[in-house]
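The numbering of the sequence shown is my numbering, which starts it at 363 and goes up by one.
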Amino acid sequence: MSPTRSTTEEPQTEPGPTPVPAPTDPDAPPPEEPEPVPADPDVADVEAGSGEGEVGPVVLPGYWVQLGKSDKYDDRFIGHLAVVLESPWAPAPIGVPDQPIAGYTYDDTKPYTVQTRDDANAILLVEDDDLLGTGQWRQELQMHG
């Protein structure tokens, strides 16, 4: 006995011709152009300011940093990679106003606590200005360092 097929299948329809737009009145004024959407400003066009209120990128525990020159530690650490143990960034509680980056608060009195990943294995306290680069993955800094 062969299987039965349903006879209630919908018939296939051919697509119709593409509608042609109605001709415009030659005496009618041209349609108004929409206003351009403002784009992000080009950083080359922004005037330099004091930098007050600006913060660096969010760097959380577990992220990697490349150390720059600082009077807080020996020059032999310049260029070394370190993992962030503690950060001045913290997730913001819901409803906290004036977040520099949505979802995070920044404590400008707290330094980063980092640990170098070399033979010294040193734990250092560093500021934003002491960092040459930051990244979520060690490989990011190794490629660009």
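Glycine residues also receive a C-beta, built at the ideal position from the N, C-alpha and C atoms.
Inter-residue CB distance, residue i and residue j (contact presumed, cutoff 8 Å)
i: residue 424; j: residue 445; result: 7 Å
i: residue 432; j: residue 488; result: 7 Å
i: residue 442; j: residue 478; result: 5 Å
Separation of residue j from residue i, as counted between CA atoms
i: residue 434; j: residue 398; result: 50 Å
i: residue 387; j: residue 396; result: 21 Å
i: residue 483; j: residue 470; result: 26 Å
i: residue 490; j: residue 498; result: 16 Å
i: residue 451; j: residue 480; result: 25 Å
i: residue 500; j: residue 394; result: 52 Å
i: residue 507; j: residue 455; result: Its pLDDT being 49, under 50, residue 507 is placed unreliably by the model, and the measurement read from it follows with that caveat. When rounded, the distance between both Cα atoms is 35 Å.
i: residue 453; j: residue 438; result: 33 Å
i: residue 472; j: residue 449; result: 7 Å
Span of the beta strand (DSSP E), counted from its first residue to its last, around residue i
i: residue 498; result: Segment: none, residue 498 is in no beta strand (DSSP E) and carries neither H nor E.
i: residue 448; result: 443 to 448
i: residue 427; result: 426 to 429
Exercise. For the region 451 to 485, which segments carrying the beta strand (DSSP E) assignment without a break, of at least 3 residues, lie completely within its bounds, in sequence order?
Worked result: Taking only runs of at least 3 residues, the beta strand (DSSP E) segments lying wholly in the region 451 to 485 are 451 to 453, 466 to 468 and 474 to 478.
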